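**Student:** Protein chains in written order, with the UniProt record's numbering: chain W, 1 to 196; chain Z, 1 to 613.
Backbone N, C-alpha and C define an ideal beta-carbon position, used for all residues, glycine too.
Predicted model only: the values in this text are computed from it and were never measured.
If you scroll down you'll find the structure; I have some questions about it.
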Amino acid sequence: MEPYEFPKIHSFPPMYTQQPNATILDNQLGSWCDIILSYCEYYKISSITLTGTVIYSQFDDLDITQLPPVFENKAIDRAVNDEFKSTIFRHLIHKSKKAEYINAKSPEAGVLIYWRSLVDWANLIHDFVENTGQSGTVLTVYELTKSEDSGLPADLKNFDYNMLVKVLKNVLIKQGKAQILMSEDDPEQIGGVKIV
Amino acid sequence: MTSTVPSAAINVWQPVNINRSNRPVLKDDEEIVYIRDNVGLYQGRVKIVNRQSGRVYLTNKRVIYIDNKDIKKSMAVDIDRIYLAATIDGFLRSSPKVKLYVNVEEDSKGGSKSVSLFKSLDWVCKICSFNNHLDSNYNLNNLPRCVSCGIPPQTKYIESLQNREEETSNGLEERRDDQCTKCTFINHPSLRYCEMCGSELKSSIPEDLRAKLHSSSAPDINDEQGSFNRLDIVLEGEESYSGDAKYVKLSFRTGNEQQFYTMLNEILEKRRWEELQSRGGVNQGAVKLNNVEESVRIKESGIYRLQLISEQTRKQNEMTLSSSLEDLEQLMYKAQDLLKLSSSFNSFIKPRVQYNVKLSALTVSKTSKIYHEELARHLSEYLTNYKLVKSSAMITLPDLFADYNRYLILTQGFGMELVTSEDFGTSVECFEKLSLPVVLREYDTGLKIVRPKFNDDYSAIIVNHLKNQEVQFKFNKLKQSILQSFDQSFDQDDYFKTGYKYFKGSTVSEISEHFTWSNDITIEELKKLVEDGLILIDKTISGTFYFINKITNYDFDQEREHDEQLKQEVESQLIKEQAQLEASNWGSLEPIEFQDVEYDSPAMKELKGLKLT
């Protein structure tokens, strides 16, 4: 897989310093959010820590430790400091609303990156279930994300469990299109999903 | 302890008037010269009881003792009474003292009569028959000499004259007030001087009134003596003196007797000189010679003594030399040499900068009302001619102050009066009022600068400069990469690879250098631009760098297009250079030299014009 090609602004040294002017800073944060989103989309990254370390990618053959770091540019010897990183993420979460903490109580656990919106994800799942004629049947999480021969679209392959929970809870259940059955072994885990 | 009433002491000591703040009330023309605390009094060899802790005021007329405990015990000695002073060194528990030798009348009953006379007297010299005049208050023991021949009159003769005067004044009735006592000419009653001989006439004021006036103006010693021992002077023992002379002693418990002694001596010396002058013993225009300081007695012996003596002579010589400098003529003479000397230094300060335009020197005097305005004009003239020649130029106030003064010295040499910071401050404030081509501006941080008036905003200039820097960088980088593609060994040591890795932006010092500003100014200007969002900062451990704003609405595609154009420009430039080298006949063998060239291509111009929003 070709490494991600960062936009030109990623090689612009002032990007790595928090700018004092408020307007510029806003633009700067916007640029960073764009970079993060397109970076995550390219590598199908669903969650990332506040320091920029990739937690989960849908590409199971991808070594996530070998990815070019998003907050660093070796060519110009620049890196975003941790303080500015969390500023960028706060902007991404609260202003752009393109990310969410995995666990709001412990932000250091990382954030989910919504390079595709939750509604779009929900539609994808719903369409898949409907198209395969499985409406109303209880499906396991495995069937929804891992199964090889059920016509699962590539986008849903290896779909992040955390993301799936978000999609189900925040969109499909609220829309009344899904029901969740909790696992008998672990009441925290979803055992089965019924989508109508 | 037998306490006695001293006979001489009563004659010497006089009561003192003291004001409410316990300081002596001074007489006319009297002034305090020296004050010393912790002083005790001795009459001769014995202490005076209850006068052992007080302050001594040395005035030009008296030595006043003010007791610290009881101010009623205060008393004074007239300077006129003192004819000699001496110091006694302290020894073990005995404090240093100053001995004052005083005149004590032999005959204490007729004190006023024998010591001085309050009326003036005329006497005729027996030798040359010159008619001398004797001022009032003269001393019979020390009569002045004849003004004409310099022979002193006999005391007896003066006394007889005095007696006669008294007799005549007693038997006044037979003589008229307006009759001259000398030539017997009867003058008009309103005249004060005889019309014939010019001698003073007896005034027509009634005798008793005159007596009253007289007694009030001059305190009569007789009166004081009338109340016997009013000062209540009690001695610790029998009054005794070492030697015949009578003296009192001041015991300085906390030292510093030497200073008192020298000051007292000065006063005595002055007194004597004045006395001599009043007696006519001094030629007109005569100058008093300062006594050579009394040489300190040398107690040591042997080689050390010799050393001390030579040291003393050396000191004396030094004093003579330094005192001779006080002579004004001497100084004027030296001034010529000094001027010569200072002008010889001028060669050392040959101006490094050549000032092509000669400014007329400021000739207004410092006290003039228009001085500050003229100085402001001169400053502005100086600035516009030398300092602020570039449109982007500006200068901080301290720099201007230093440079201007330096300029004054360089153009007008030493001896030129420099501009003070106060005058300078007032003058620069005048710039606006006088509508001069330079203005004073203050940044938020308080930094003050002076700059040409027409240029009010430097932001465009700075942004353009930053933009140019980047284009320049790209141009050089492209050139280098093209050269490298031809010649692999071109950048063996990776100098250009590291140097042109990426555009590092501009630092404060680079910008300062380019605009020839001081760093303070650059920092202020950049700060303003950063706050306005026109430029961006890049803070790293290696420093702070400044960039144009590429974050907001910047078209990177357009930049890429320009880069393509730039590449072509570089190629054509290289071909041109190559052609030149070949034409110059030695080129082809030599490797193509790489130079950071100032280059201004159409593409670059366009880039420069890239509009920022």
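On a CA-only basis, which of Z:ASN131, Z:TRP123, Z:ARG164 is nearest GLN154 of chain Z? Give me that one, please.
**Tutor:** Z:TRP123
**Student:** Would you call VAL248 of chain Z buried or exposed, if buried means 16 or more other Cβ atoms sit within 10 Å of its Cβ?
**Tutor:** buried
**Student:** At a Cβ threshold of 7 Å, is ASP538 of chain Z touching chain W?
**Tutor:** yes
**Student:** Report yes or no: is there a C-beta of chain Z within less than 7 Å of the C-beta of GLU184 of chain W?
**Tutor:** no
**Student:** At which residues does the alpha helix (DSSP H) containing ASP78 of chain Z begin and terminate?
**Tutor:** Unbroken run through ASP78 of chain Z is the beta strand (DSSP E), 75-78; no alpha helix (DSSP H).
**Student:** Can you grab the Cα-Cα spacing for the pair ASP67 of chain Z / ARG253 of chain Z, in whole Å?
**Tutor:** 14 Å
**Student:** Any beta carbon from chain W within less than 7 Å of PHE496 of chain Z's own beta carbon?
**Tutor:** no
**Student:** Can you tell me which of the three DSSP states ASP82 of chain W falls into?
**Tutor:** Residue state, collapsed to three classes: helix.
**Student:** Rounding to the nearest angstrom, what Cα-Cα distance links GLU590 of chain Z and HIS91 of chain W in this structure?
**Tutor:** In this prediction, GLU590 of chain Z has a pLDDT of 49, which is less than 50 and means its spatial position is unreliable; what the coordinates show is noted afterwards. One C-alpha to the other measures close to 57 Å.
**Student:** Which of the three DSSP states is assigned to ASP487 of chain Z in this structure?
**Tutor:** Three-state DSSP puts ASP487 of chain Z in coil, outside helix and strand.
**Student:** Nearest chain W C-beta to THR552 of chain Z closer than 7 Å, yes or no?
**Tutor:** Closer than 7 Å to some Cβ of chain W, the Cβ of THR552 of chain Z qualifies, so yes.
**Student:** Express the C-alpha separation of THR320 of chain Z and GLN307 of chain Z in angstroms, rounding to a whole number.
**Tutor:** 20 Å
**Student:** Please report the distance separating the alpha-carbon of ASP60 of chain W from that of PHE159 of chain W.
**Tutor:** The alpha-carbon atoms of ASP60 of chain W and PHE159 of chain W are separated by roughly 10 Å.
**Student:** So with CB distances below 7 Å, who are the chain Z contacts of ASN103 of chain W?
**Tutor:** Within chain Z, no residue comes near ASN103 of chain W; the closest Cβ sits about 32 Å away, beyond 7 Å.
**Student:** Helix, strand or coil: which one does DSSP assign to ILE449 of chain Z?
**Tutor:** strand
**Student:** If you follow the alpha helix (DSSP H) that ALA85 of chain Z is part of, which residue opens it and which one closes it?
**Tutor:** Run containing ALA85 of chain Z: none in the alpha helix (DSSP H); it sits in the beta strand (DSSP E), 82-88.
**Student:** Mapping the DSSP letters down to three states, classify PRO24 of chain Z as helix, strand or coil.
**Tutor:** Looking at PRO24 of chain Z - three-state DSSP - the assignment turns out to be strand.
**Student:** Would you say VAL508 of chain Z lies against chain W (beta-carbon separation less than 7 Å)?
**Tutor:** no
**Student:** Kindly indicate which residue of W:ASP34, W:MET163, W:LEU181 has the alpha-carbon position closest to the one of ILE102 of chain W.
**Tutor:** W:MET163
**Student:** Answer with buried or exposed for GLY110 of chain Z, where buried requires no fewer than 16 other C-beta atoms within 10 angstroms of its C-beta.
**Tutor:** Below a pLDDT of 50, predicted positions are generally treated as unreliable, and GLY110 of chain Z, at 39, falls in that range; no measurement from the model is reported.
**Student:** Would you kindly check if the distance between the Cβ of VAL428 of chain Z and the Cβ of LEU440 of chain Z is under 7 Å?
**Tutor:** Cβ distance < 7 Å, so LEU440 of chain Z and VAL428 of chain Z count as in contact.
**Student:** Over what stretch of residues does the alpha helix (DSSP H) that includes ASN50 of chain Z continue unbroken?
**Tutor:** Taken as a continuous stretch (DSSP letters only), ASN50 of chain Z belongs to no alpha helix (DSSP H), as it is neither H nor E.
**Student:** Within 10 Å of its beta-carbon, does LEU388 of chain Z have 16 or more other beta-carbons around it, so buried, or fewer, so exposed?
**Tutor:** buried
**Student:** Have a look at LEU418 of chain Z and TYR407 of chain Z and give me their C-alpha separation to the nearest angstrom.
**Tutor:** 10 Å
**Student:** Does the CB of VAL530 of chain Z have a neighbour CB from chain W at under 7 Å?
**Tutor:** yes
**Student:** Are the C-beta atoms of PHE473 of chain Z and some chain W residue less than 7 Å apart?
**Tutor:** No, PHE473 of chain Z does not count as interfacial toward chain W.
**Student:** Any contact between the region 27-42 of chain W and the region 462-481 of chain Z? By contact I mean 3 or more CB pairs, one from each, below 8 Å.
**Tutor:** no
**Student:** Examine chain Z for any beta-carbon lying closer than 7 Å to the beta-carbon of VAL193 of chain W, and answer yes or no.
**Tutor:** no
**Student:** Taking LYS8 of chain W as the query, report the chain Z residues whose CB atoms sit under 7 Å from its CB, ordered along the chain.
**Tutor:** PHE556
**Student:** For ASP122 of chain Z, write down the residues that DSSP places opposite it in a beta bridge.
**Tutor:** When DSSP reads this structure, ASP122 of chain Z sits in a beta bridge with Z:HIS133.
**Student:** Can you name, in chain order, every residue of its own chain whose Cβ lies under 8 Å from the Cβ of ALA460 of chain Z, other than the five neighbours on each side?
**Tutor:** none
**Student:** Between W:GLU143, W:MET182, W:PHE12, W:VAL70, which has its C-alpha nearest ILE88 of chain W's C-alpha?
**Tutor:** W:VAL70
**Student:** So with CB distances below 8 Å, who are the chain W contacts of TYR502 of chain Z?
**Tutor:** SER11, PRO13, ALA75, ILE76
**Student:** Does DSSP put GLU256 of chain Z in a helix, a strand or coil?
**Tutor:** Residue 256 of chain Z is actually Asn in this sequence, not Glu. In this structure, ASN256 of chain Z counts as coil in the three-state DSSP scheme.
**Student:** Starting from MET1 of chain W, trace the beta strand (DSSP E) in both directions and tell me its first and last residue.
**Tutor:** For MET1 of chain W, no beta strand (DSSP E) encloses it, and the DSSP letter there is neither H nor E.
**Student:** Between which two residues does the alpha helix (DSSP H) holding ILE190 of chain W run?
**Tutor:** Not the alpha helix (DSSP H): ILE190 of chain W falls in the beta strand (DSSP E), residues 190-195.
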